[in-house]
Every structure is written in C-alpha cells, then in structure tokens.
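> Questions regarding the structure given below will be posed in turn.
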Amino acid sequence: MSKRTLMATASLCATAVMALTACGSDKKAEAKGAGGSGSATAEAFKGLAPAQISEKARVAMTKLDSFKVKGGMSTDGQHMTFEFSVAKKGDCQGTFTTGAASAEIRQVGDSAYMKGDEKFWQQMGSEGGSSSKETDALIEMLKGRWFKMPAQDAKADDKFPFCDIGTMFEKDEKDSHLTRKADTEVNGTPAVTLTGKDGAATQTLLVAAKGEPYALRMTVEGGKEPGSFDFSAFNEPVTVTAPPAGEVMDPEKLKG
41 MSKRTLMATA
51 SLCATAVMAL
61 TACGSDKKAE
71 AKGAGGSGSA
81 TAEAFKGLAP
91 AQISEKARVA
101 MTKLDSFKVK
111 GGMSTDGQHM
121 TFEFSVAKKG
131 DCQGTFTTGA
141 ASAEIRQVGD
151 SAYMKGDEKF
161 WQQMGSEGGS
171 SSKETDALIE
181 MLKGRWFKMP
191 AQDAKADDKF
201 PFCDIGTMFE
211 KDEKDSHLTR
221 KADTEVNGTP
231 AVTLTGKDGA
241 ATQTLLVAAK
251 GEPYALRMTV
261 EGGKEPGSFD
271 FSAFNEPVTV
281 TAPPAGEVMD
291 PEKLKG
C-alpha cells in the first residue's frame with residue numbers, strides 16, 4: 041500500500057463527488073427527475089433538476105465544519121477500506137487498510153504524519169525499490185513510530201485530499217448529465233438518488249432529503265476503480281493533535 045495508492049483512494053472519492061456535483065444540467069434528466077409526487081422526498085426538491093440538487097449538496101458540504109467519510113474501493117488490484125474524520129480547517133485523521141497492511145494518518149495544519157504497521161512499511165519499501173535489507177532497517181526504525189512527511193510533500197498538490205473539504209467538493213464547470221432515480225433511505229434518512237456516467241463507471245450520489253441536503257453516500261460501479269463512500273457525523277467536533285515528539289521520526293534521518 042504505497043502513498044500513491046492512498047492518494048488514488050482519496051482522489052477517487054474527491055473526483056467522484058465532484059463529477060456528480062457539476063453545474064451542468066440535462067433536460068432529459070430533468071424531465072425524469074420528478075420522483076413520487078406524494079412523498080416527502082419529492083417535496084424536498086420539488087421543481088429542481090438533478091444537477092440543481094447535486095449543486096445544493098455540494099454547497100451544503102462546503103459549509104460543514106466537519107464530517108466523517110468511510111468506505112472502500114479497489115485500485116491497482118487491491119481492495120482498500122478507509123475511515124476519516126475531517127475538519128474544515130484542514131485537519132483530519134483516519135486509517136487505511138488493505139489486505140494485512142494498515143496505516144494511520146494525521147494532518148495537523150501543514151504537517152502530515154503517517155504510522156504504518158510492519159506490512160505497510162514492507163510494501164512501501166518494496167514498491168519504492170528498496171532492498172530487503174533496507175526495508176528491514178526501515179521497519180525497525182519506524183516500529184511504533186510516526187513518520188512526518190517532509191514539509192515540501194505536506195504542502196504539495198497531492199497531499200491527502202480527505203483533509204480539505206474545499207478540494208473534495210470543489211465546483212466542476214463541465215457539463216454533467218444526471219438522472220434522478222427512485223428515492224431511498226440511508227441509515228434511516230430519506231434520500232434522493234442521482235446517477236451519472238463517467239466512461240465505463242456509473243456514479244451514484246444519495247442526497248439527504250430531510251434537514252440539510254448533505255451528500256450521504258457515493259458509489260462508483262464498473263470502471264477501473266469501483267468503490268463506495270458514506271458521509272456522516274456532520275458538524276460533530278473533530279480534534280486532531282500531532283503525535284508526541286518522542287514518537288515522531290525525523291525524515292532527515294532517512295536520507296542516505
């Protein structure tokens with residue numbers, strides 16, 4: 041499970057949400073999107089086209105102070121699960137697992153920290169081209185410790201997208217042809233169902249029809265990276281603290 045794989049997972053979540061919260065509308069989809077006229081769900085978005093509903097969801101998510109995202113996906117032949125708590129100010133914390141490997145991640149301001157188990161660092165070493173001897177040394181050095189990402193990496197464009205609500209729900213100006221399907225529920229909350237295509241993948245966004253129009257679930261079926269993401273714990277407090285200094289590995293010590 042390399043950093044690139046972690047980035048792919050977080051980026052897929054971000055781009056999938058962005059694709060379904062694009063500003064464009066489809067007149068045919070609008071005509072199909074009425075839903076059941078007698079339902080509370082239909083009344084919640086009465087007269088709105090699918091793209092207008094998705095835009096309401098996008099805006100509602102950007103106004104959140106915090107939320108949780110939990111799910112799983114397959115990428116590069118690996119199935120991964122993840123769970124993150126995210127704060128609007130950019131702090132976040134969570135875990136990734138794939139197979140027998142797992143890693144914890146914390147982002148506090150501009151500082152990002154990663155703590156992996158032995159399997160995780162074995163994969164990182166192997167995928168980075170390190171010899172078995174070098175990988176064993178890395179594992180021993182990082183055993184039970186956090187690795188602080190170098191400052192230039194922490195500020196790079198590919199830092200963990202889960203940690204930036206604005207990035208995850210950035211407005212996409214391209215047209216998005218959406219269709220409203222049958223209304224449903226997510227964990228007891230009534231929701232509308234919006235679907236769209238992205239190449240071979242079918243993306244579905246479930247938007248809360250009670251209370252604020254938050255995104256409740258995103259699924260991607262087909263394509264190269266199928267997955268499912270649930271959003272919850274809206275505006276619940278999230279406090280992320282940096283690991284104790286004595287448990288953090290200085291990246292300078294890993295330079296040859």
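Numbering (our numbering), first residue to last: 41 to 296.
Positions of the beta carbon are idealized from the N, C-alpha and C atoms, including for glycine.
Would you kindly check if the distance between the Cβ of Tyr-254 and the Cβ of Phe-269 is under 8 Å?
To locate residue 269, count along the sequence shown from 1; it is residue 229. To locate residue 254, count along the sequence shown from 1; it is residue 214. No.
> Under three-state DSSP, which class holds Arg-98?
For the purposes of this step, residue 98 is taken as the residue at position 58 of the sequence shown. Correct three-state label for Arg-98: helix.
> In the DSSP output, what is Gly-228 paired with across the bridge?
If you number the sequence shown from 1, residue 228 lands on position 188. BP columns for Gly-228 are empty, so no partner.
> Using the C-alpha atoms, what's the distance from Thr-259 back to Ser-106?
Translated into the one-based positions of the sequence shown, residue 106 becomes position 66. Translated into the one-based positions of the sequence shown, residue 259 becomes position 219. Each residue's Cα considered, the two are about 21 Å apart.
> Where Gln-147 and Ala-231 are concerned, what is the direct C-alpha to C-alpha distance, given to the nearest angstrom?
Sequence index remark: in the sequence shown, residue 147 carries index 107 (1-based). Sequence index remark: in the sequence shown, residue 231 carries index 191 (1-based). Each residue's alpha carbon lies about 32 Å from the other.
> Kindly say whether Glu-95, judged by its beta-carbon, lies nearer than 8 Å to any beta-carbon of chain D.
The chain labelled as chain D is not found in the depicted structure, where only one protein chain is given.
> Would you decide whether Pro-284 is buried or exposed? Buried here means 16 or more other CB atoms lie within 10 Å of its CB.
Against the sequence shown, residue 284 aligns to sequence position 244. Exposed: under 16 other Cβ atoms inside 10 Å.
> Across which residues does DSSP place Gln-133 in a beta bridge pair?
Within the sequence shown, numbered from 1, the residue matching residue 133 stands at position 93. Note: Gln-133 sits in a beta bridge opposite Ser-125 and Arg-146.
> Below 7 Å CB to CB, which residues in the same chain sit around Gly-206 once its five sequence neighbours on both sides are set aside?
In the sequence shown, counting from the first residue as 1, residue 206 sits at position 166. Correct list, in chain order: Thr-102.
> Where do the N-terminal and C-terminal ends of the beta strand (DSSP E) with Ser-272 fall, by residue?
Locating residue 272 in the sequence shown gives position 232, where the first residue counts as 1. Taken as a continuous stretch (DSSP letters only), the beta strand (DSSP E) holding Ser-272 covers 267–272.
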